[in-house]
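Single-structure report; data block below.
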Amino acid sequence: MKFLSLRTLIIIVFGTFVLASSSQAVPIFSSATISSSFSFTEVLGSSEVSIAFDGTNYWTAIGGSAGGTRLAKYDASGSNLGTYAPGLDFRSLTADGAGDVYARAYNNTSIFIQSSDGVFTTTGVSVGGVSSQPKVILNGDGTEYIAHDTNGTVRRWDLSGNALSSVSLSGYGANSGESGYYQDSAISAAGDYWLTYSEGILSAWDDLGNRVDQTTLLGAGSNFNSHLSQSYANGMFFVMDNDESTWRGYELNLDLVSVPEPSSLLILSLGLLALGLRREKVRLKKSRA
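Quick note on the UniProt record's numbering: the sequence shown kicks off at 1 and runs consecutively.
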């Protein structure tokens, strides 16, 4: 097989360098505005903190205290199948690819797992250092726990609870209400992206803390409960309506395919150039022999 000429390799490296130096964010959302495509009635009342989908059923939870009915189960169409009193003051629900549902409770660093309908037990995993209020959820790949731990800082842990890093969201607070409570403690995840929401505007962030895109969710709630409830489940971003009784889902149609960063392409191109230089050196030696 004929190898690329040295001149061609130099052109490739130069072009990739230009791309890496001048790359701009590629739109992530399908449109600048997105309408709701799904809704159903919440049966628990106010203070809805989260919604999760286990592959078959939706689960919703409310906070405010650990006592009384705090959890509800629904089928895929949103019809209620039951309510439960797990004894947790919920702050978040999150589900993995196997359909297991996990929870975080107020002022508790433990990660809980739902062992049977309405029954949560500790996993033995603790995410140390997280504040009392933030949601703790799985990232889009289900390989880490993440939390928006107050006003533009995302904490990361591995699945054993070991701290990985803290990432500052560059420019967080620039959109209306972003620094407000509960916007400053909420986060969702889809694919490679972290999602935050404030007053109708949904933002997508990469894991370096760059805001890579944003869109307007038409008709989305904008009160405290709306910001408290924001979640990503079953391919949709969910927000509680201002009436505090209706979940509204927005199908994002995100581009969830990982695309190599320009820096990665540059490294590959430099490797090709080095190989090309070596082959050229060998060729010159042979021509002199």
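From the three backbone atoms N, C-alpha and C, an ideal C-beta is built for every residue, glycine too.
All values reported here derive from a predicted model rather than from experimental measurement.
So the alpha helix (DSSP H) residue i belongs to, where does it begin and stop?
i, result
"S229", "224-229"
DSSP three-state call for residue i: helix, strand or coil?
i, result
"D213", "strand"
"Q114", "strand"
"S185", "helix"
"L44", "coil"
"S50", "strand"
"F29", "coil"
"V130", "coil"
"N234", "coil"
"S166", "strand"
"T109", "coil"
"S179", "coil"
Name the two residues that bound the continuous beta strand (DSSP E) containing residue i.
i, result
"E144", "144-148"
"G249", "246-251"
"T153", "153-158"
"K73", "71-74"
"Y197", "193-198"
"Y58", "58-62"
"Y102", "101-105"
"S126", "119-126"
"Y84", "80-84"
"residue 338", "Any property of residue 338 remains undetermined from this structure, which presents the chain solely from 1 to 289."
Closest by CA to residue i, which one among the options?
i, options, result
"G82", "E199, L208, R70", "R70"
"L159", "E199, G173, S165, T143", "T143"
"G97", "R156, G55, G87, W157", "G55"
"I51", "Y84, G219, F237, G180", "F237"
"P86", "G140, A61, S226", "A61"
"R91", "Y84, S110, V43, D100", "S110"
"residue 290", "L44, W59, F53, A76", "With the chain covering only 1 through 289, there is no way to say anything about residue 290."
"V127", "N234, V119, W157, D100", "W157"
"G152", "S170, T33, L93", "S170"
"G129", "G140, D117, I146", "I146"
"S30", "Q114, S222, L202, D117", "L202"
"V167", "N175, A174, G177, D149", "D149"
"T121", "D141, D100, L138, N107", "D100"
"S245", "A32, S39, L164, Y74", "S39"
"N210", "E251, D192, R104", "D192"
"S115", "G78, L254, Y102", "Y102"
"I113", "Y106, D213, T123", "T123"
"W205", "W194, T215, E199, S198", "W194"
"I34", "L217, S229, Y232, R248", "L217"
"F53", "S198, V212, G235", "G235"
"N107", "G78, G63, G177, A233", "G63"
"G219", "Y250, S229, N225", "Y250"
"M240", "S198, L208, D89", "S198"
Looking only at DSSP bridge pairs, what is residue i linked to?
i, result
"V136", "A147"
"L202", "Y197, T215"
"A190", "Y193"
"L93", "A103"
"S39", "R248"
Answer with yes or no whether the minimum CB distance from residue i to chain C is below 7 Å.
i, result
"V239", "Included in the structure is just one protein chain, with no chain C present."
| query | Would you call the segment 180-195 and the segment 129-138 in contact, with 3 or more CB pairs under 8 Å? | reply | yes
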